[in-house]
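Here the structure is laid out as structure tokens; the discussion comes afterwards.
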Amino acid sequence: MLWNVDLTIDEPGLFGIIGPNGAGKSTLLKAALGLIPLTGGTITFFGRPFAEVRGRIGYVPQRETVDWDFPVSVSDVVLMGTYGRLGWFRRPGRRERDLAGESLARVGLADVAGRQIGKLSGGQQQRVFLARALAQQADVYVLDEPMAGVDARSQELIFGVLSELRDAGRLVVVVHHDLRTAAQWFDRVALIDMRLVAAGPTATVLTPENLERTYAGRLDLLDELGRAVEERGRTS
Amino acid sequence: MTAPIGIEPLLAISHNTLVVACGVAAVGFAAGVVGCFGVLRKRALVGDAAAHATLVGVALAFLATGRRDLPVLLVGGFISGLVALGVLVLLKRCSRTRDDAATAIVLSVSFGLGITLVSGITARGIPGGAGLEQFLLGHTAALTTADAMLLAAVSAAAVLLLVLSLKEATLVAFDSSFAAATGWPVVLIDYCLVMLVAVMVVAGLPAAGAVLVTALVVIPPVAARQWTDRVPTMLLLSGVFGVVSALCGVAVSAVVPRLATGPLVVLAAAFIFAVSFVVAPDRGWWARHRRER
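Going down the list, the protein sequences come from chains X and G.
Throughout the first sequence, residue numbering follows the working numbering, covering 1 to 236 in sequence.
Throughout the second sequence, residue numbering follows the working numbering, covering 237 to 529 in sequence.
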């Protein structure tokens, strides 16, 4: 599915992994997190394999990967972010509950903490997942399509929280498919289409040539993006 | 001294019947609790495959020892249930057979083998072999006090294990990829959960039989889910529903001789489910119907 990706992300900031559907963006992420086996190559965090440092990495999976009819409340799900540190058989206590409460407040969901997760909108559900990752108190955050099927208000809220993390010196890696917003949001991006096309600062990577190599045959999208990049160039 | 009319049937209940009822109630409770995670993990049919396969082990254990000792037969049933689950995993992994098809194959083939063995034993008239058919549909009247205590102990252990690892089980059942990414051994936890279901399926054999014991680990959880949005409450309710179903089956089959327990247990559970389906607040049919109007 994905080959020849030689990518080093070594500074804090908002990092976008961009590419068309089926380009292998999520595959790259899942491989990095050890969720699917690698047929070759290595992936390291802080120079070490993921298994040794997973406590420092927060993960936001795609929303569709779980059953939202599951009988848990919003705060139950956020508490799950603290389980990794708790370890076997230890129950979450006061400290964990406080942390979950703070995380929920940061994504603007404190008032629905007791609600069953299926009763939330798509955007709210995505924010629950983000709050769970915040409760992991990680150094690196990895998000898989956090903006897919999410309303504008939630997008803004999520982007706001991610920016806060960046400002606090964290690295935030986001798999993203929407080119228009990519140009505005990310400090650096990697363009992927079954291979690494280009990586680096957003302005130097999102060039028409690189985009054509990534999105061959999807030119109407390119026109839109070209305008977005130009606008960004003018404003900055 | 003559007992007043109406008390007499109560006095007719022997000590053994009471102990058996308690043992079966414990099995019903534990099966309901443990079954919740089978249902939540969307593996309701896996327990059924194991259940149908237990008959092979029960028959082989009888042939090996020549006696109808419940603990020995159940250990045999447990082993063959696990073998069936192992075959199921291999089938899915090696032959790319889809989940449902693989389950159907393992279930029917192992059941066919079990029935062949049991009817072979019966046909040859091996002493003591006639009672093996009771494992097909359940027959609690034959249980001894010791058997019932054993079943109660196994049930208590299963509930205890599940309650201890409730946090881990809920995490894996809800979001296995997040659990894996945060370092939990998802496969191991999954196997333990399946194992617990298999244990309760085997413990439920005397009460419900190989054909119907799945009802004890599937129907109470589904009924309980109707009433609550929280896992702990669901476990408790499911356990209670399991107790009521199991006791109803035992009571009726004690009053009407020669009636197998299993079908009665299933009917009682189905009644609880039907009521839950209709009248449960919020998720029930009636509540949804009223909301839509």
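Note that CB positions come from ideal geometry on N, CA and C, so glycine has one too.
Keep in mind the model is a prediction, meaning the values are calculated, not measured.
Exercise. Taking a cut of 7 Å between CB atoms, which residues from the segment 444 to 478 of chain G lie near chain X?
Worked result: Going along the segment 444 to 478 of chain G in chain order, one finds R461, T464, D465, R466, V467, M470 with a Cβ nearer than 7 Å to chain X.
Problem set entry | Nearest-angstrom Cα separation, counted from G/V308 out to G/L343 | Counting from one through the second sequence, the residue named residue 343 of chain G turns up at place 107. Counting from one through the second sequence, the residue named residue 308 of chain G turns up at place 72. Counting only the Cα atoms, G/V308 lies some 23 Å from G/L343.
Exercise. What residues in the segment 401 to 427 of chain G have a beta carbon less than 9 Å from any beta carbon of chain X?
Worked result: If the cut-off is 9 Å between Cβ atoms, the segment 401 to 427 of chain G has S401, L402, K403, E404, T406, L407, A409, F410, D411, S412, S413, F414, A415, A416, A417, T418, G419, W420 near chain X.
For this session: For X/Q126, I'd like the list of residues in its chain whose CB is within less than 7 Å of its CB, leaving aside the five on either flank, ordered along the chain.
Result: As a first step, residue 126 of chain X must be located in the first sequence, where it is residue number 126. Cβ within range, chain order: R63, P146, V150, S154, I158.
Exercise. Is X/P238 buried or exposed, if buried means 16 or more other CB atoms sit within 10 Å of its CB?
Worked result: The structure shown does not extend to residue 238 of chain X, since chain X is modelled only from 1 to 236, so the question has no answer here.
Problem set entry | Environment of G/S412 [buried if 16+ CB atoms lie within 10 Å] | Translated into positions along the second sequence, residue 412 of chain G becomes position 176. The residue in question, G/S412, is buried, as its Cβ has 16 or more Cβ neighbours within 10 Å.
For this session: Following the continuous beta strand (DSSP E) through X/I57, name the residue where it begins and the one where it ends.
Result: Within the first sequence, numbered from 1, the residue matching residue 57 of chain X stands at position 57. Here the beta strand (DSSP E) through X/I57 covers 57 to 60.
Problem set entry | Enclosing alpha helix (DSSP H) for X/F15 [first to last residue] | For this step, residue 15 of chain X is matched to residue 15 along the first sequence. That residue, X/F15, is in no alpha helix (DSSP H); its beta strand (DSSP E) goes 13 to 18.
Exercise. With a cut-off of 8 Å, does the C-beta of G/L309 fall near any C-beta of chain X?
Worked result: On the second sequence, residue 309 of chain G is found 73 positions in, with the first residue counted as 1. Chain X contact via Cβ: absent.
For this session: Decide if G/C272 is buried, meaning its Cβ has at least 16 other Cβ atoms within 10 Å, or exposed.
Result: On the second sequence, position 36 is the one that residue 272 of chain G refers to. Buried, by the Cβ-count rule.
Exercise. For G/A516, which residues from the same chain have a beta carbon less than 8 Å from its beta carbon, with the 5 sequence-adjacent residues on both sides left out?
Worked result: Taking the second sequence and counting its residues from 1, one reaches residue 516 of chain G at position 280. If we look at G/A516 and ignore the five residues flanking it on each side, its Cβ neighbours are Q462, W463, A523.
Problem set entry | chain X contacts made by the segment 257 to 281 of chain G, where a contact means CB separation under 8 Å | Those residues of the segment 257 to 281 of chain G placed with their C-beta closer than 8 Å to a C-beta in chain X are L276, K278, ordered along the chain.
Exercise. Going along the chain, which residues of its own chain have a beta-carbon closer than 8 Å to the beta-carbon of G/W420, five neighbours each way excluded?
Worked result: Sequence index remark: in the second sequence, residue 420 of chain G carries index 184 (1-based). Shown here for G/W420: same chain residues with a beta carbon closer than 8 Å to its own, the five before and five after excluded, namely E404, L407, V408 in chain order.
Exercise. Listing by chain order, which chain G residues have their CB less than 9 Å from the CB of X/S73?
Worked result: Reading the first sequence from its first residue, position 73 is the one you call residue 73 of chain X. Annotation: Cβ neighbours of X/S73 in chain G (cutoff 9 Å, chain order): D465, R466.
For this session: Output yes if chain G places a C-beta closer than 8 Å to the C-beta of X/P146; else output no.
Result: Indexing the first sequence from 1 puts residue 146 of chain X at position 146. No - not a single Cβ of chain G is within 8 Å of the one on X/P146.
Exercise. Taking the alpha-carbon positions, what's the G/V354 to X/I36 distance?
Worked result: Taking the first residue of the second sequence as 1, we reach residue 354 of chain G at position 118. Taking the first residue of the first sequence as 1, we reach residue 36 of chain X at position 36. Here the alpha carbons of X/I36 and G/V354 stand approximately 44 Å from one another.
For this session: Determine whether the Cβ of X/L33 lies closer than 8 Å to any Cβ atom of chain G.
Result: Stepping through the first sequence from its first residue, residue 33 of chain X is reached at position 33. Answer yes: the Cβ-Cβ gap between X/L33 and chain G drops below 8 Å somewhere.
For this session: Work out the CA separation of X/I18 and X/D178 for me, nearest whole Å.
Result: Along the first sequence, read from residue 1 onward, the residue named residue 178 of chain X stands at position 178. Along the first sequence, read from residue 1 onward, the residue named residue 18 of chain X stands at position 18. The alpha-carbon atoms of X/D178 and X/I18 are separated by roughly 8 Å.
Problem set entry | Per-residue burial, X/R54 [other beta carbons within 10 Å of its own, 16 or more giving buried] | As a first step, residue 54 of chain X must be located in the first sequence, where it is residue number 54. X/R54 comes out buried.
Exercise. Are the beta-carbon atoms of G/L281 and G/T376 separated by less than 8 Å?
Worked result: One-based indexing of the second sequence puts residue 281 of chain G at position 45. One-based indexing of the second sequence puts residue 376 of chain G at position 140. The Cβ atoms of G/L281 and G/T376 lie no closer than 8 Å to each other.
Exercise. Given that a residue counts as buried once 16 or more other Cβ atoms are within 10 Å of its Cβ, and exposed if not, what is G/L247?
Worked result: Along the second sequence, one-based indexing puts residue 247 of chain G at 11. Reliability fails at G/L247, whose pLDDT of 49 lies under 50, so the model's placement of it is uncertain and the value that follows must be treated cautiously. Counting C-beta atoms within 10 angstroms of its own C-beta, G/L247 has fewer than 16 neighbours from the protein chains shown and is therefore classed as exposed.
For this session: May I ask you to list the residues that DSSP assigns as paired with X/R48?
Result: By 1-based counting over the first sequence, the position of residue 48 of chain X is 48. According to DSSP, X/R48 shares a beta bridge with X/F45.
Exercise. Just reading off the beta strand (DSSP E) that X/Y83 is part of, what are its end residues?
Worked result: In the first sequence, residue 83 of chain X corresponds to position 83, counting from 1. Bounds of any beta strand (DSSP E) do not take in X/Y83; it lies within the alpha helix (DSSP H) bounded by 83 to 86.
Problem set entry | Bounding residues of the beta strand (DSSP E) (the contiguous stretch that carries X/L143) | Locating residue 143 of chain X in the first sequence gives position 143, where the first residue counts as 1. Unbroken beta strand (DSSP E) run through X/L143: 140 to 144.
Exercise. Taking all protein chains shown into account, do 16 or more other C-beta atoms lie within 10 angstroms of the C-beta of G/V511, making it buried, or fewer, making it exposed?
Worked result: Residue 511 of chain G sits at position 275 when you count from the first residue of the second sequence. Label assigned to G/V511: exposed.
For this session: Could you tell me which residues DSSP pairs with G/V491 in its beta bridges?
Result: Counting from 1 along the second sequence, the entry for residue 491 of chain G is found at position 255. For G/V491, DSSP assigns no beta-bridge partner whatsoever.
Exercise. In terms of residues, what are the limits of the beta strand (DSSP E) holding G/V449?
Worked result: The residue labelled residue 449 of chain G in the question sits at position 213 within the second sequence. No beta strand (DSSP E) contains G/V449, which DSSP labels as neither H nor E.
Exercise. What do you get for X/A133, buried or exposed, if any count of 16 or more other CB atoms within 10 angstroms of its CB means buried?
Worked result: Locating residue 133 of chain X in the first sequence gives position 133, counting from the first residue. Per the 10 Å Cβ criterion, buried.
Problem set entry | Those runs of the alpha helix (DSSP H) which lie wholly inside the segment 251 to 326 of chain G and span at least 4 residues | You should have 251 to 276, 280 to 301.
Problem set entry | Classification of X/Q184 by the beta-carbon crowding that lies within 10 angstroms, buried from 16 upward | By one-based count along the first sequence, residue 184 of chain X stands at place 184. Its Cβ having fewer than 16 others within 10 Å, X/Q184 is exposed.
For this session: Counting only the same chain and skipping the five closest in sequence on each side, list residues whose C-beta sits under 8 Å from that of G/G242.
Result: Counted from its first residue, the second sequence places residue 242 of chain G at position 6. In this predicted model, G/G242 has a pLDDT of only 46, less than 50, meaning its place in the structure is not dependable; the value taken from the coordinates is given anyway. Residues of the same chain with their beta carbon placed closer than 8 Å to that of G/G242 are lacking, with the five preceding and five following residues left out of the count.
Problem set entry | Sheet register partners of X/A135 (DSSP bridge) | Position 135 of the first sequence, counted from the first residue, corresponds to residue 135 of chain X. Residue pairing from DSSP leaves X/A135 without any beta-bridge partner.
For this session: Express the C-alpha separation of G/V491 and G/M237 in angstroms, rounding to a whole number.
Result: The residue labelled residue 237 of chain G in the question sits at position 1 within the second sequence. The residue labelled residue 491 of chain G in the question sits at position 255 within the second sequence. The pLDDT assigned to G/M237 is 43, lower than 50, so where the model puts this residue is not dependable; a value taken from the coordinates is nonetheless given after this. Between G/M237 and G/V491, the C-alpha separation is close to 25 Å.
Problem set entry | Beta-carbon proximity check, G/L398 vs G/V479, cutoff 8 Å | In the second sequence, the residue the question calls residue 398 of chain G occupies position 162. In the second sequence, the residue the question calls residue 479 of chain G occupies position 243. In this structure, G/V479 does not lie closer than 8 Å to G/L398 by Cβ.
Exercise. Is there at least one Cβ from chain G nearer than 8 Å to X/P201's Cβ?
Worked result: For the purposes of this step, residue 201 of chain X is taken as residue 201 along the first sequence, with counting starting at 1. Among the residues facing chain G, X/P201 is not included, as its CB has no counterpart in that chain under 8 Å away.
Problem set entry | Distance between G/I425 and X/L38 (C-alpha atoms, nearest Å) | Reading the first sequence from its first residue, position 38 is the one you call residue 38 of chain X. Reading the second sequence from its first residue, position 189 is the one you call residue 425 of chain G. Cα to Cα, the separation comes out at about 23 Å.
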